[in-house]
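Residues 2 to 409 (my numbering) are what the sequence shown spells out, left to right.
Okay, so here's the structure we're looking at.
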Amino acid sequence: MRISADGSDVLVVGGGVIGLVTAWRAAQRGLGVTLVDPEPGGGAARVAAGMLAAVTELHYGEQMLLGLNLASAARYPEFVAELEEASGRRTGFRACGTLSVALDSDDRAHLRDLHALQQRSGLDSEWLSGRECRRLEPMLAPGVRGGLRVDGDHQVDPRRLASALVTACERAGVSFRRSWAERLRVTHGRATGVALRDGSELPADQVVLAGGSLSGRLAGIPEAVLPPVRPVKGQVLRLTVPAAYAPFLSRTVRAVVRGSHVYLVPRADGELVVGATTEELGWDTTVTAGGVYELLRDAHELVPGITELPLTETRAGLRPASPDNAPLLGPTALPGLQLATGHHRNGVLLTPVTGEVMAHALTTGELPEVARPFAPSRFTPAPRPLPPTAAEASPRPGTTPVQQEQSL
Ligand code: GLY
């Protein structure tokens, strides 16, 4: 149903990779799309390392999310080929695999647990001795006690990915409005667009909130459909591997060191990304001496040669976390309002499947099968039944209290 005569079919609020892929895929389906963001291509993707780590970042209790992560990982090669063709830009996708290693017996026990969980989940990963790990990656510390080789966990460069998506959107006819969305317009119980900070209004048939950790901050969102996302800070370092040192690492190397995750993601162009802290500090994006110290200390334990490399950038970003660490996708209880947010640690990985899911949801009003568990309604409390009246509480003729109990 078309509501606004002068507006867009779809208004996407947020120009990170999730908003961009939603806009691109929706425009490809023939919808008229406007994207609102003061700096499209920015957001958490400017900081993220770009690991596509469906298997190595598997966590207990996240098996449902695993299915979506694997579905998106499987789409990546075809997705980047299409995107690179559509935009004329490279994404830095590398099918390089990942090695997760252990430095002491606690780490090794943790990794053995992860291996068992991966195997129970039917995933491909191979246990290697320390020597076998070093044969694959000679720069690893001599103390590495063992590791998991996961050849299916690849990487992409999120900054290049975002730039390619901006160009693909432009070429597909997405209109960009470089401004802050300030308030959701709700008319007669339906989302009908947004008001911008400059005072202008953008009407639309459907609005998609894809503002990452800021998604819940837009004024005017009714309480009942407010996305429960919160910011989780991650500090990330960028170093450069001089040509004389290459190849420094041939694949992503990661570990849990004293309970903290550290990963080293080597790009084809010589950039080496080291991440990431996990900090519940609200909207703080300060890069701290402690954060940089911990990352370098842990990375140095894994790969001692890292201290020789130029440190070129330090940054902090905010992961948009939801209560179950999984995204919120598709229609909300407010007609005209859809969500594409809450991707937490997996925004870059989930970009291809999110684009498909959101294009489907925007054109049909329904979530496709793969995304049904991620409907925003899973966080909407079911209406509480009213207490029974006295008449309802007394047994009806022909029923017994036991039957009533069974029928609850
Ligand atoms: N997926 C990596 C991170 O969130 O740090």
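Glycine included, C-beta positions come from ideal geometry on N, C-alpha and C.
Since the structure is predicted, the reported quantities are computational estimates derived from the model, not experimental observations.
With respect to 7 Å, is the separation between the Cβ of S163 and the closest non-hydrogen atom of the ligand GLY below this value? Looking up residue 163 in the sequence shown gives position 162. Here residue 163 turns out to be Ala, not Ser, going by the sequence shown. No, the beta carbon of A163 sits no closer than 7 Å to any heavy atom of the ligand GLY.
Taking the alpha-carbon of S261 as reference, which of V288, D285, L297 and P39 has the nearest alpha-carbon? Here residue 261 is taken as the residue at index 260 of the sequence shown, counted from 1. Checking every option, the nearest Cα to that of S261 belongs to L297.
Other residues of its chain near L71: CB distance less than 6 Å, five sequence neighbours each side excluded: Locating residue 71 in the sequence shown gives position 70, counting from the first residue. For L71, where only same-chain residues beyond five positions count, the Cβ hits under 6 Å are A55.
Taking G276 as part of the beta strand (DSSP E), name the residues at either end of that continuous run. Within the sequence shown, residue 276 is the residue found at index 275, counting from 1. Taken as a continuous stretch (DSSP letters only), the beta strand (DSSP E) holding G276 covers E272 to G276.
Give the C-beta separation of A192 and V208 to the nearest angstrom, bearing in mind that I take them to be a contact with Cβ-Cβ under 8 Å. Mapped onto the sequence shown, residue 192 falls at position 191. Mapped onto the sequence shown, residue 208 falls at position 207. Contact holds; Cβ gap of about 5 Å.
Just to confirm my understanding: we take R150, look at its own chain, exclude 5 residues before and 5 after, and list those with CB closer than 6 Å. What are they? Position 149 of the sequence shown holds residue 150. Counting only Cβ-Cβ distances below 6 Å, and skipping sequence neighbours, we find L100, E127 and L129.
Mind checking whether A46 and R160 have CB atoms under 8 Å apart? Locating residue 46 in the sequence shown gives position 45, counting from the first residue. Locating residue 160 in the sequence shown gives position 159, counting from the first residue. In this structure, R160 lies closer than 8 Å to A46 by Cβ.
By DSSP, does G291 sit in helix, in strand, or in coil? Here residue 291 corresponds to residue number 290 of the sequence shown, with the count starting at 1. In the structure shown, G291 sits in a helix (DSSP, three-state: H, G or I).
By the three-class DSSP mapping on this structure, what secondary structure does V102 have? Residue 102 sits at position 101 when you count from the first residue of the sequence shown. Strand at V102.
If we count Cβ pairs, one from each stretch, closer than 8 Å, do we get three or more for the stretch 13–24 versus the stretch 165–185? yes
Enumerated in chain order, which unbroken segments of the alpha helix (DSSP H) with a length of 4 residues or greater are wholly contained in the stretch 12–97? 18–29 and 64–88
Rounded to whole angstroms, what is the Cα-Cα separation between L69 and L351? As a working note, residue 69 is residue 68 in the sequence shown. As a working note, residue 351 is residue 350 in the sequence shown. Roughly 8 Å separates the two Cα atoms.
Please tell me whether, using a cut-off of 7 Å, the distance from the CB of E58 to the nearest non-hydrogen atom of the ligand GLY is below it. Residue mapping note: residue 58 aligns to position 57 of the sequence shown, counting from 1. Yes; taking the cut-off as 7 Å, the Cβ of E58 has a heavy atom of the ligand GLY nearer than that.
Beta-bridge pairing of S410 - partner residues as DSSP gives them: Shown here, the chain extends from 2 to 409; a query on residue 410 therefore has no answer.
Bridge-paired residues (DSSP) for P148: In the sequence shown, counting from the first residue as 1, residue 148 sits at position 147. Here residue 148 turns out to be Gly, not Pro, going by the sequence shown. Per DSSP, V102 and L129.
Give the range of the beta strand (DSSP E) segment to which V195 is assigned. Here residue 195 is taken as the residue at index 194 of the sequence shown, counted from 1. Unbroken beta strand (DSSP E) run through V195: R191 to L197.
Determine the contact status of T342 and P328, defining contact as a CB-CB distance below 8 Å. Counting from 1 along the sequence shown, the entry for residue 342 is found at position 341. Counting from 1 along the sequence shown, the entry for residue 328 is found at position 327. It is a contact, given that the beta carbons lie within the stated cut-off.
Please classify V233: does DSSP put it in a helix, a strand, or coil? Indexing the sequence shown from 1 puts residue 233 at position 232. Three-state DSSP puts V233 in a strand.
Check whether the stretch 306–318 touches the stretch 238–249, taking contact to mean three or more Cβ pairs, one atom from each stretch, closer than 8 Å. yes
Near the ligand ZN: R160 beta-carbon under 7 Å from a heavy atom: The ligand ZN is not part of this structure, which contains only the ligand GLY.
Quick check on the DSSP output: the beta strand (DSSP E) that includes T315 runs from which residue to which? Position 314 of the sequence shown, counted from the start, is the residue given in the question as residue 315. Here the beta strand (DSSP E) through T315 covers L312 to A322.
Consider the C-beta atom of R320 and the heavy atoms of the ligand GLY; say whether any pair is separated by less than 7 Å. Working through the sequence shown from its first residue, we reach residue 320 at position 319. For the ligand GLY, at least one heavy atom lies less than 7 Å from the Cβ of R320.
Nearest-angstrom Cα separation, counted from L112 out to G148: The residue labelled residue 148 in the question sits at position 147 within the sequence shown. The residue labelled residue 112 in the question sits at position 111 within the sequence shown. Each residue's alpha carbon lies about 7 Å from the other.
Among D105, T287, A360 and R252, nearest to R136 - alpha-carbon criterion: Your numbering for residue 136 matches position 135 in the sequence shown. Considering only alpha carbons, the answer is R252.
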